[in-house]
């Protein structure tokens, strides 16, 4: 077939050839009710579906399904497995719409399967150039859906729209030039009639941004840079021209509050990661959360977790929006366990720091001051010879999804207590080349460190319980109204804990690293739970 | 040779030269003679490039990265056994994996410097000159010491310590000496000890054969294997120490040298 394509390429006009090469599939999924914005805004009310990366716009990752619960979870069995035909590990969180599941695969593909059986309807393969600039593996974490269209990020920094019924490409927009170091891995977020999406490339000296696109045409509606340009507020927090190559990527999905009409999105490390000498200042808005106006993308407030970061402590975590009682008063808060080892509770309307504390081992700072700014410990910046610091580069947590369960009032996060030697190096920026200024090295085996799921009371930052996992886990978490917490481990287990007590209720060995978050859904009255392990997507349900 | 045939031979040579000039020549072909960029400066520049471009996946010190999945490059390389092969993997990448080719604009000499750096992480064991005598070390290992009470070599010995059949491939002579003088310095998790109380109320201690999030397996001092689910355990204690004593006082310097020479000679037989 490839030979025939080559022959056609030589013999026929190029436009015709292009049409030949584009995918056009006639296999369609069963019909489903198109996904309106109203359904997305109330996604929690239809727990049979999983309509976005974090389940709901507040990103609590808490499902109202309770058929599988603390009483019967021990009767779970595997229902089906879908083998991804690519060897890279899967980081996907599938969506489910009316019994149809959409699974993204490395490097930048998506497959529609029957959510009852795993049988494939269609598969979209995205053509990629060979000279990609990617930091940390060939990853894709999921799609967004609006109407009957899927939206997906690709490693060559495109945003593509795909017909959810057929897998046919509708449009493909270049978000940024991949050859300059840009790439895209995270699921977009639908906000009303916009596709909101971030960018990766913080290790390549990019200038980060958050974009909104027209879902019909793929045209850019607004762009908000996560590093202010000359003359803008915050540009003077970068010495010289360092703002232009300062990173601050936006490589995980954000959240949205419809009442406040605010989009919340985390930003990554300033670049170069480990050499701050060339970018003196706080380096706004790196390692921050930004609250953007839901219509215009304008920054309404910002909170910077790690000013002038030199340890690669990206604020690439999912913002969890929850209304909790603070000081006897219900507050609209944002809960955030950060890669830097501190847990923060913010007022999400204003960005005001309410309180925070460590939730893992931290040596680089001794605490937070009254406005949430870290109190640095001297001598913890990377050196040419190496300096030991906790958390290590991978962080006290990282991009993997935390969860909040309104029934227990607890915040759950995958945590790592480790340490690493940090090194500084001198580097000049070259477009498209890595620009990191150093690196890190473990001096002990991974088993010497402590990894766990921690249940945190967000009103006190007390750790209510913890469940140890070994070695270091990079799995996300989902809780359910059945009183359960689902997560996975690096040694290939998928398991259920009692969300109230942390007691282990069920586990199964899937043998390959779990590097994704679970999700749950229901078809024909039967609840299922899905997790990716290695490059296989497994689905479990109660014994028939 | 006639004038005529000589002329024809010249034409063939010219044709061959022309054909070569238009055919794609593998970039590495010219370098088969060996790496021309292997001075100490080249190695240093290769290291700098590695730290910057490769360290994220392969580890800053090339020892691998568990999460990114980049393998350890300090030992034997599974995909490349020659400098040219290493060069080609770096230049062309490994299709279908996250091992991407280096960008086109990176010149070949820079890639060769990377090869030189990776080579510098290994060495030719034949070139190592040791003070000790391997035969004497072997005698000492098998009959003049208690080494074989715990260690095994090629199926002979015991299983209370690491199998040393190919230890010379993984440890440099200095490391081997340090292992015998200060065995607590760098204890592999496999040789930690676990003390656990099972559901039968009996406390057992043994080598940590294996441990995952939900279960442990230990081997006690009678070589009995025990496997437990962690949630069945009444108690669990991890002892991150080696059972190996220091031989700094019990063996002389020359005896240690002989043992190092013997252990360093233990490697896979060349096929």
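Residue numbers (my numbering), protein chains in the order written: chain A, 418 to 961; chain B, 44 to 314.
Cβ coordinates follow ideal geometry from the N, Cα and C atoms, glycine included.
Is the beta carbon of residue i sitting closer than 8 Å to the one on residue j?
| i | j | result |
| --- | --- | --- |
| residue 670 of chain A | residue 643 of chain A | no |
| residue 479 of chain A | residue 795 of chain A | no |
| residue 608 of chain A | residue 461 of chain A | no |
| residue 576 of chain A | residue 592 of chain A | yes |
| residue 615 of chain A | residue 598 of chain A | no |
| residue 965 of chain A | residue 604 of chain A | Residue numbering for chain A in the displayed model covers 418 to 961; residue 965 of chain A lies beyond these limits and cannot be assessed. |
| residue 709 of chain A | residue 682 of chain A | yes |
| residue 192 of chain B | residue 186 of chain B | no |
| residue 490 of chain A | residue 752 of chain A | no |
| residue 922 of chain A | residue 913 of chain A | yes |
| residue 873 of chain A | residue 945 of chain A | no |
| residue 906 of chain A | residue 918 of chain A | no |
| residue 852 of chain A | residue 688 of chain A | yes |
| residue 705 of chain A | residue 471 of chain A | no |
| residue 549 of chain A | residue 476 of chain A | no |
| residue 569 of chain A | residue 527 of chain A | yes |
| residue 303 of chain B | residue 98 of chain B | no |
| residue 771 of chain A | residue 800 of chain A | no |
Identify the residues that DSSP records as bridge partners of residue i: which are they?
| i | result |
| --- | --- |
| residue 412 of chain A | Residue 412 of chain A is absent from the structure shown; chain A starts at 418 and stops at 961. |
| residue 493 of chain A | A:959 |
| residue 873 of chain A | A:828, A:880 |
| residue 609 of chain A | DSSP lists no partner for residue 609 of chain A. |
| residue 944 of chain A | A:939 |
| residue 743 of chain A | A:746 |
| residue 710 of chain A | A:679 |
| residue 578 of chain A | A:568, A:588 |
| residue 305 of chain B | BP columns for residue 305 of chain B are empty, so no partner. |
| residue 479 of chain A | A:896 |
| residue 522 of chain A | A:526 |
| residue 514 of chain A | A:517 |
| residue 499 of chain A | A:954 |
| residue 791 of chain A | A:785 |
| residue 554 of chain A | Residue 554 of chain A is not bridged to any residue. |
Can you tell me the Cα-Cα spacing of residue i and residue j, whole angstroms?
| i | j | result |
| --- | --- | --- |
| residue 640 of chain A | residue 648 of chain A | 17 Å |
| residue 46 of chain B | residue 546 of chain A | Per-residue confidence for residue 46 of chain B stands at a pLDDT of 38, beneath the threshold of 50, marking its modelled position as unreliable; the derived number appears in the next sentence. Rounded to the nearest angstrom, the two C-alpha atoms are 54 Å apart. |
| residue 931 of chain A | residue 257 of chain B | 15 Å |
| residue 875 of chain A | residue 904 of chain A | 20 Å |
| residue 1039 of chain A | residue 806 of chain A | A query on residue 1039 of chain A cannot be resolved here, the shown segment of chain A reaching from 418 to 961 and no further. |
| residue 655 of chain A | residue 721 of chain A | 14 Å |
| residue 611 of chain A | residue 635 of chain A | 10 Å |
| residue 452 of chain A | residue 885 of chain A | 39 Å |
| residue 714 of chain A | residue 765 of chain A | 16 Å |
| residue 521 of chain A | residue 505 of chain A | 12 Å |
| residue 952 of chain A | residue 523 of chain A | 9 Å |
| residue 165 of chain B | residue 877 of chain A | 52 Å |
| residue 910 of chain A | residue 936 of chain A | 16 Å |
| residue 702 of chain A | residue 113 of chain B | 31 Å |
| residue 362 of chain B | residue 117 of chain B | One cannot answer for residue 362 of chain B here, as it falls past the ends of chain B, which runs 44 to 314. |
| residue 431 of chain A | residue 536 of chain A | Any reading at residue 431 of chain A must be qualified, since the residue scores a pLDDT of 44, below 50, and its modelled position is unreliable; no value is offered. |
| residue 588 of chain A | residue 492 of chain A | 44 Å |
| residue 274 of chain B | residue 847 of chain A | 53 Å |
| residue 843 of chain A | residue 854 of chain A | 6 Å |
| residue 825 of chain A | residue 881 of chain A | 11 Å |
| residue 203 of chain B | residue 488 of chain A | 44 Å |
| residue 619 of chain A | residue 585 of chain A | 31 Å |
Rounded to the nearest angstrom, how far is the Cβ of residue i from that of residue j, given a contact under 8 Å?
| i | j | result |
| --- | --- | --- |
| residue 244 of chain B | residue 236 of chain B | With a Cβ gap of about 20 Å, residue 244 of chain B and residue 236 of chain B do not count as contacting. |
| residue 819 of chain A | residue 830 of chain A | 4 Å |
| residue 693 of chain A | residue 664 of chain A | About 12 Å; that fails the 8 Å criterion. |
| residue 159 of chain B | residue 81 of chain B | 4 Å |
| residue 156 of chain B | residue 219 of chain B | Not confirmed; about 30 Å, so no contact. |
| residue 224 of chain B | residue 289 of chain B | 6 Å |
| residue 731 of chain A | residue 756 of chain A | 6 Å |
| residue 458 of chain A | residue 481 of chain A | Residue 458 of chain A to residue 481 of chain A, Cβ: 16 Å. No contact. |
| residue 803 of chain A | residue 778 of chain A | In fact, because the Cβ distance is near 18 Å, the residues do not count as touching under 8 Å. |
Does chain C have any CB closer than 8 Å to the CB of residue i?
| i | result |
| --- | --- |
| residue 811 of chain A | As a matter of chain content, chain C is missing from the structure shown, whose protein chains are A and B. |
Could you tell me which whole beta strand (DSSP E) segments of length 3 or greater appear in the region 236-302 of chain B? 236-240, 246-254, 258-262, 268-272, 278-282
Could you tell me which whole beta strand (DSSP E) segments of length 3 or greater appear in the region 617-667 of chain A? 626-630, 637-642
In chain order, which continuous runs of the beta strand (DSSP E) of length 3 or greater are located wholly inside the region 794-825 of chain A? 804-806, 820-822
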